[in-house]
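Residue numbers (this note's numbering): 99 to 557.
Right, one structure below, let's go through it.
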Ligand code: SF4
């Protein structure tokens, strides 16, 4: 599973906003590795620089120095299979309200794009990239021509948009952020020291890297506008029953981020401890599959009393830039990513902690790799429930027929993967592991099929 995007924004007149955004995007790089982009507002206009590749491949000293302004937004992208590798799909998207430009960056997926496209076609609005994010930008631009105020245009556009969206917008002199009424994808607000400005980020790790102090989450349905008058909050659409993605805690978010009051690292440790209670194993060592399996393995080890060991090494320098989301490249990615330590593993009964099983290919190769390295037994423990349904809200998952848990029983899965035993964390166990979260409304549709927002393809 891959997160599709990360967004960042900064309002800080007098600071190097492009460089700050570049740092913010590097902190959010785990959310998308296929393209990166920055848009800067300088009081007169908006300038966008974007390209395919990692943040450090897209931006260098010369390109950052050329991006001068008082506010900026940024975006990192991981595409779904439908639109990989095309430059025009990279963000931020540039749009204009008449001759007034703005740039938009989006994390999430809109589920009513056919309806939105029909509206825009009827209005005769040309589309640039044709993605849901481009549709949103054009919709906002068109409506704002009628409302004359961008905040009102965004609010009216939110009434037309369905699905998951955490968006940031940059005009020549104002920064906007808004979030869908369910709060599916994360977005937080931070403040720079000494009143230097404000920062928006998909995760708090993006605030930390530029020295901003987390202030709060952008609320579901809220529009935040930041300009020289400060931060102005209003609601574009009435909040619905909260449905924040619970998988952020399991896998997507960086472990040093805090989402809705819950530290991600602590939630992963708690998942591991809960697994040790729900599905104990007789073993000599506990191993975590890097990265997200490691804190969970430490939690499992502490709870079970079985020693933790670093037995799997991740090759950190094989970027996903050139690993396109095809089956062939996924297979290659598995071989490139992980390497076992035979000296640690040989002759040992292992409990191996991983975050999720989607198709099962990674788990199968992992178990076989550990047996080749001499493991006596491999007991696989997963810190999420079985993934039975695809995600329609900004995560690249497969269709149901490709999800192994939707097609095989637990024992059939164990046999196909080749593990000595296999167990998944219960949904109740996962919810209990994120007990510090300040709300109780999660999306858990990929485990339950209970989608908070209806969408065409879910059946
Ligand atoms: S379906 Fe799963 S991955 Fe998608 S938003 Fe809901 S919990 Fe997150």
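Even for Gly, the Cβ is constructed at its ideal location relative to N, Cα and C.
{"Check": "Supposed close pair residue 483, residue 523 - CB separation, criterion 8 angstroms", "Outcome": "6 angstroms"}
{"Check": "Any residue whose CB is nearer than 6 angstroms to a heavy atom belonging to ligand 1, listed in chain order", "Outcome": "282, 343, 344, 345, 489, 491, 493, 541, 542, 543 and 544"}
{"Check": "Near ligand 3: residue 450 beta-carbon under 7 angstroms from a heavy atom", "Outcome": "Here the bound small molecules are ligand 1; ligand 3 is not part of this structure."}
{"Check": "Assigned exposure category for residue 466 - 16 Cβ within 10 Å defines buried", "Outcome": "exposed"}
{"Check": "Proximity below 8 angstroms, CB of residue 394 to CB of residue 369", "Outcome": "yes"}
{"Check": "Three-state secondary structure (DSSP) of residue 505", "Outcome": "helix"}
{"Check": "Limits of the unbroken beta strand (DSSP E) element including residue 273", "Outcome": "273-277"}
{"Check": "Chain-order list of residues whose beta-carbon lies under 7 angstroms from that of residue 215 (same chain, five-residue window excluded)", "Outcome": "233"}
{"Check": "Residue burial classification, residue 292 (beta-carbon count within 10 angstroms, cutoff 16)", "Outcome": "exposed"}
{"Check": "Test item: CB-CB of residue 316 and residue 288 under 8 angstroms", "Outcome": "no"}
{"Check": "Buried/exposed call for residue 531, threshold 16 Cβ in 10 Å", "Outcome": "buried"}
{"Check": "As assigned by DSSP and simplified to three states, the class of residue 413", "Outcome": "coil"}
{"Check": "Closer than 8 angstroms to chain C by CB, residue 504", "Outcome": "This model lacks chain C altogether; it includes just one protein chain."}
{"Check": "Assigned secondary structure, residue 170 (DSSP; H/G/I helix, E/B strand, else coil)", "Outcome": "strand"}
{"Check": "Boundaries (first-last residue) of the beta strand (DSSP E) holding residue 379", "Outcome": "No beta strand (DSSP E) contains residue 379, which DSSP labels as neither H nor E."}
{"Check": "Residue range of the unbroken alpha helix (DSSP H) whose run includes residue 194", "Outcome": "Taken as a continuous stretch (DSSP letters only), residue 194 belongs to no alpha helix (DSSP H), being part of the beta strand (DSSP E) at 191-195."}
{"Check": "Separation of residue 338 from residue 584, as counted between CA atoms", "Outcome": "Coverage of the chain is limited to positions 99 through 557, which leaves residue 584 absent and any answer about it impossible."}
{"Check": "8 angstroms Cβ cutoff met for residue 279 and residue 264", "Outcome": "no"}
{"Check": "Limits of the alpha helix (DSSP H) - the one that residue 398 falls within", "Outcome": "391-402"}
{"Check": "Whole-angstrom C-beta distance between residue 205 and residue 102, which should lie under 8 angstroms", "Outcome": "7 angstroms"}
{"Check": "Between the CA atoms of residue 507 and residue 121 - distance to the nearest angstrom", "Outcome": "45 angstroms"}
{"Check": "Spatial distance of residue 503 from residue 454 (CA atoms)", "Outcome": "11 angstroms"}
{"Check": "Three-pair Cβ contact test at 8 angstroms for the region 477-495 versus the region 436-452", "Outcome": "yes"}
{"Check": "Strand pairing of residue 136, partner residues [DSSP]", "Outcome": "147 and 172"}
{"Check": "Straight-line Cα distance separating residue 271 from residue 108", "Outcome": "12 angstroms"}
{"Check": "Pairwise C-alpha distance: residue 521 and residue 512", "Outcome": "9 angstroms"}
{"Check": "Endpoints, beta strand (DSSP E) assigned at residue 221", "Outcome": "It is not in any beta strand (DSSP E) - residue 221 instead sits in the alpha helix (DSSP H) that spans 211-221."}
{"Check": "DSSP bridge partner residues for residue 296 (one or two, in chain order)", "Outcome": "109 and 289"}
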